[in-house]
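Here the UniProt record's numbering is used: the first residue of the sequence shown is 1, the next is one more, and so on.
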Amino acid sequence: MGKKDRSPKNVGKEVAIVGKKRKKAVKEKAVEDEAVENADQVNREGSSGAEVKENGVTNGEVSSLGDEDGGNSDDGADGEEDGQGIQVQEKKAKENGTGKRKADKDPENVVSNGEKKKSKKTKFEIEKLDGGTVAVSGIMSSTSFDTLPVSEPTMNAIKDTGFSQMTEIQSRSIPQLLTGRDILGAARTGSGKTLSFLIPAVELLYHGKFMPRNGTGVIIISPTRELAMQIYGVARDIMKYHSQTHGIVMGGANRRTEAERLAKGVNLLVATPGRLLDHLQNTKGFIFKNLQCLVIDEADRILEIGFEEEMKQIIKLLPKERQTVLFSATQTTKVEDLARVTFRKAPLYIGVDDARSKATVEGLEQGYCVVSSAQRFLLLFTFLKKNVKKKVMVFFSSCNSVKYHSELLNYIDIPCLDIHGKQKQQKRTTTYFEFCNAEKGILLCTDVAARGLDIPAVDWIIQYDPPDDPREYIHRVGRTARGEGARGKALLFLIPAELGFLKYLKGAKVPLNEYEFPTSKIANVQSQLEKLVEKNYYLHQSARDAYRSYLLAYNSHAMKDIFNVHRLDLQAVATSFGFNCPPKVNLNLDSNAAKFRKQQGKPGEAKYKGKTKSGHGFTAGNPYGKRAENDKRQFTRI
Numbered sequence: 001m002g003k004k005d006r007s008p009k010n011v012g013k014e015v016a017i018v019g020k021k022r023k024k025a026v027k028e029k030a031v032e033d034e035a036v037e038n039a040d041q042v043n044r045e046g047s048s049g050a051e052v053k054e055n056g057v058t059n060g061e062v063s064s065l066g067d068e069d070g071g072n073s074d075d076g077a078d079g080e081e082d083g084q085g086i087q088v089q090e091k092k093a094k095e096n097g098t099g100k101r102k103a104d105k106d107p108e109n110v111v112s113n114g115e116k117k118k119s120k121k122t123k124f125e126i127e128k129l130d131g132g133t134v135a136v137s138g139i140m141s142s143t144s145f146d147t148l149p150v151s152e153p154t155m156n157a158i159k160d161t162g163f164s165q166m167t168e169i170q171s172r173s174i175p176q177l178l179t180g181r182d183i184l185g186a187a188r189t190g191s192g193k194t195l196s197f198l199i200p201a202v203e204l205l206y207h208g209k210f211m212p213r214n215g216t217g218v219i220i221i222s223p224t225r226e227l228a229m230q231i232y233g234v235a236r237d238i239m240k241y242h243s244q245t246h247g248i249v250m251g252g253a254n255r256r257t258e259a260e261r262l263a264k265g266v267n268l269l270v271a272t273p274g275r276l277l278d279h280l281q282n283t284k285g286f287i288f289k290n291l292q293c294l295v296i297d298e299a300d301r302i303l304e305i306g307f308e309e310e311m312k313q314i315i316k317l318l319p320k321e322r323q324t325v326l327f328s329a330t331q332t333t334k335v336e337d338l339a340r341v342t343f344r345k346a347p348l349y350i351g352v353d354d355a356r357s358k359a360t361v362e363g364l365e366q367g368y369c370v371v372s373s374a375q376r377f378l379l380l381f382t383f384l385k386k387n388v389k390k391k392v393m394v395f396f397s398s399c400n401s402v403k404y405h406s407e408l409l410n411y412i413d414i415p416c417l418d419i420h421g422k423q424k425q426q427k428r429t430t431t432y433f434e435f436c437n438a439e440k441g442i443l444l445c446t447d448v449a450a451r452g453l454d455i456p457a458v459d460w461i462i463q464y465d466p467p468d469d470p471r472e473y474i475h476r477v478g479r480t481a482r483g484e485g486a487r488g489k490a491l492l493f494l495i496p497a498e499l500g501f502l503k504y505l506k507g508a509k510v511p512l513n514e515y516e517f518p519t520s521k522i523a524n525v526q527s528q529l530e531k532l533v534e535k536n537y538y539l540h541q542s543a544r545d546a547y548r549s550y551l552l553a554y555n556s557h558a559m560k561d562i563f564n565v566h567r568l569d570l571q572a573v574a575t576s577f578g579f580n581c582p583p584k585v586n587l588n589l590d591s592n593a594a595k596f597r598k599q600q601g602k603p604g605e606a607k608y609k610g611k612t613k614s615g616h617g618f619t620a621g622n623p624y625g626k627r628a629e630n631d632k633r634q635f636t637r638i
């Protein structure tokens with residue numbers, strides 16, 4: 001047998017041939033799906049009209065891309081706005097007995113006068129499976145990895161990881177991705193989304209015979225540096241028996257080193273949005289014209305932290321003929337808009353949590369405690385003192401608050417680690433891996449650690465400062481009870497004025513029990529705390545910064561009907577930071593207390609229809625409500 005010509009020209013041809021084969025497979029799959037769907041329709045027409053649930057999907061029901069928890073639109077106004085993306089057509093779907101719906105296809109649907117023109121519609125189909133694959137135990141399916149038609153190097157790598165059974169999202173998405181389908185996936189945290197897109201991506205590079213000189217064939221975009229490192233670590237494990245190259249680019253790393261590596265050829269690239277856009281625009285040796293697949297992980301988080309414009313620019317720069325995969329733990333209006341721009345053809349929507357009664361995992365015990373502002377830190381101190389042998393994560397609303405409480409707790413002999421956005425990347429990386437490898441310990445963090453990170457065996461999630469909305473709550477508690485059979489606990493701190501937040505959590509399918517902590521059992525170290533903060537200059541400065549940042553973060557809450565800074569007892573808040581009276585800090589809040597009271601109106605005055613006075617659009621029946629356009633928040637968390 002003669003030796004193959006491995007010139008760049010012939011390798012390019014091989015990649016093109018593989019692409020054609022994949023397209024042919026997609027067409028054949030579409031014909032097969034249509035035949036199955038027609039057969040299903042005949043069966044439905046011949047039945048008594050009762051709906052049959054298969055694998056968590058109800059025939060005749062359509063899950064909307066822009067809705068939460070299975071597409072039940074809780075805010076009718078959002079679903080009726082023209083140009084907002086995919087509209088819910090449940091009634092029509094039930095009448096016709098079909099599971100189809102139409103969606104915006106044209107990304108350029110905004111005209112100069114600010115109005116949105118009517119755009120062409122694209123069919124978004126929900127995957128229909130014959131018979132359930134989900135095991136009774138939870139997120140796992142009854143399907144083994146051995147059934148996947150993957151290469152020997154990939155299968156050997158999977159076996160080395162110790163996994164034998166696939167999770168539900170893996171069993172439903174991997175076979176579809178291997179055929180070249182575009183996928184829009186929605187699954188809760190800890191459900192195995194990372195392997196769902198990595199295995200098909202590695203197979204694509206393997207069958208395309210990618211070599212370093214071919215450049216980048218797969219790009220995976222992640223919202224945070226920590227999550228990018230985690231994905232890259234899994235990618236290395238799956239690719240260890242393959243000859244294809246892999247790499248990572250992210251903010252905080254050495255850009256010149258990254259550029260040199262890209263010039264040599266990185267076949268699978270994991271990246272954060274800002275640094276990826278920088279390399280696409282400015283790194284001359286970066287070859288991405290042969291891109292075969294784009295994966296966007298945690299899409300909702302990418303948009304929440306302000307990368308919407310960067311994502312649009314990235315998508316414009318990348319080749320149009322590619323496979324696209326978009327995964328998200330929650331489906332929001334912004335994710336819907338990104339999907340409309342990203343997908344060039346109708347994707348397959350796979351939502352494995354649509355029929356679940358809870359938005360959080362089964363092994364998670366969740367509770368809340370009601371505590372006065374003045375005693376918040378005392379309760380936290382008491383709790384951590386009793387759980388020093390456990391693995392605990394504590395969430396704060398600002399970087400300065402994490403910094404201060406870390407310094408304070410370490411000073412009073414409660415060892416803890418901290419991770420937040422103001423740290424240098426090397427420090428964040430070291431801290432992350434140190435906590436991952438620890439059997440016990442305390443990690444104080446901001447929401448930078450709340451998305452996607454797989455930290456083993458976390459016993460407790462403490463939300464010391466309240467989350468911005470129910471979505472953020474779900475992602476915070478998603479750091480514990482990850483994987484099949486895992487267990488964990490979560491505790492939410494609330495002051496009496498914040499109890500209204502519970503109805504939003506209830507509407508978001510989050511079950512909570514009240515935990516009571518008798519005042520007599522809370523350690524009374526307030527006087528020692530105040531003396532320490534008063535006498536230690538650096539701790540005093542850190543406490544002032546944390547106090548100021550806490551108030552600014554509280555003022556930035558979208559749900560101002562629940563979390564309003566003007567209702568806070570500043571003396572009590574100052575006490576929780578170790579001051580005997582509120583310190584003088586520069587607060588430039590967007591409204592004063594008098595203006596706020598005036599906006600509230602007289603008792604009994606009619607409220608806005610479907611909106612609260614703050615305009616955020618959250619209601620008890622719509623816990624995932626879209627923020628209104630008139631919600632002009634001036635402050636970010638610092």
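Every residue, glycine too, gets a C-beta built ideally from N, C-alpha and C.
How long is the line joining the alpha carbons of D454 and Q244, rounded to whole angstroms?
25 Å
Using a Cβ-Cβ cutoff of less than 6 Å, which residues in the same chain neighbour K204 once the five nearest sequence positions on both sides are dropped?
Rather than Lys, the amino acid found at residue 204 in this sequence is Leu. Taking L204 as the centre and dropping the five residues before and after it, the same chain places the C-beta of Q292, C293 closer than 6 Å to its C-beta, in chain order.
How far does the alpha helix (DSSP H) with E321 in it reach, from first residue to last?
Run containing E321: none; DSSP gives neither H nor E here.
Which residues share a DSSP beta bridge with M250?
Answer is none; M250 lacks a bridge partner.
Cβ-based neighbour list, A543, same chain, cut-off 6 Å, excluding 5 preceding and 5 following
Y404, V533, F577, G578
What is the DSSP secondary structure of C399, counted as helix, strand or coil?
helix
Tell me whether F435 sits in a helix, a strand or coil according to DSSP, three-state version.
In the three-state reduction of the DSSP assignment, F435 falls in the helix class, which pools H, G and I.
N586 to R548 span [Cα, whole Å]:
8 Å
Which class does N536 belong to by DSSP, given the choice of helix, strand or coil?
coil
Strand pairing of N588, partner residues [DSSP]:
Beta-bridge pairing links N588 to no other residue.
Using beta-carbon positions only, say whether G274 and E226 come within less than 8 Å of one another.
no
Sort F396, C416, I412 by Cα distance to Q531 and report the nearest one.
Going by the sequence as given, residue 531 is Lys instead of Gln. K531 has its Cα closest to that of I412, out of F396, C416, I412.
Quick one, are the C-beta atoms of L408 and L539 less than 8 Å apart?
yes
Tell me, please, whether the region 372-389 touches the region 419-437 by the rule of three or more beta-carbon pairs shorter than 8 Å.
No: fewer than three Cβ pairs fall under 8 Å.
Residue of K584, F343, M559 minimising C-alpha distance to Q571
K584
Under the three-state reduction of DSSP, which class applies to K264: helix, strand or coil?
Taken through DSSP and simplified to helix, strand or coil, K264 comes out as helix.
Check A186 in the structure and name its three-state DSSP category.
strand
If you follow the beta strand (DSSP E) that A490 is part of, which residue opens it and which one closes it?
Element bounds for A490: 488-494.
How long is the line joining the alpha carbons of S191 and T382, rounded to whole angstroms?
33 Å
Following the continuous alpha helix (DSSP H) through L276, name the residue where it begins and the one where it ends.
273-282
Return helix, strand or coil for S73, following the three-state DSSP convention.
Interpretation of S73 is limited by its pLDDT of 35, a score under 50 that renders its predicted location unreliable; no figure is taken from the coordinates.
L444 and V402: beta carbons closer than 8 Å?
Yes, the Cβ-Cβ distance between L444 and V402 is below 8 Å.
Among R213, H475, L276, nearest to T446 - alpha-carbon criterion
H475
Between E516 and C369, what straight-line distance do the alpha-carbon atoms span, to the nearest angstrom?
Across the structure, E516 and C369 are spaced so that their CA atoms are roughly 6 Å apart.
Taking DSSP's pairing of strands, which residues face C369 in a bridge?
F493
Give a yes or no on whether the C-beta atoms belonging to T342 and I315 are separated by under 8 Å.
yes
7 Å CB neighbourhood of P467 in its chain, flanking five on each side removed
Y473, R476
Can you tell me whether L294 is helix, strand or coil according to DSSP?
strand
Would you mind working out which of A508, K489, V218 sits nearest E514, comparing C-alpha positions?
K489
Considering only their Cβ atoms, is the gap separating L378 from I522 smaller than 8 Å?
yes
Range covered by the alpha helix (DSSP H) that runs through I231:
225-238
Is the Cβ-Cβ distance between F197 and V325 less than 8 Å?
yes
If S398 and I495 are in contact, beta carbons under 8 Å, what's the gap, nearest whole angstrom?
The pair is not a contact, with the Cβ atoms about 17 Å apart (cut-off 8 Å).
For L317, is the classification buried or exposed, using 16 other Cβ atoms within 10 angstroms of its Cβ as the cut-off for buried?
exposed
Measuring CB atoms only, is the region 212-219 touching the region 265-285, in the sense that at least three cross pairs come out at less than 8 Å?
yes
Leaving out the 5 sequence neighbours to the left and right, which residues in its chain are closer than 6 Å to D297 when beta-carbon positions are compared?
Closer than 6 Å at Cβ, skipping near neighbours: S222, F327.
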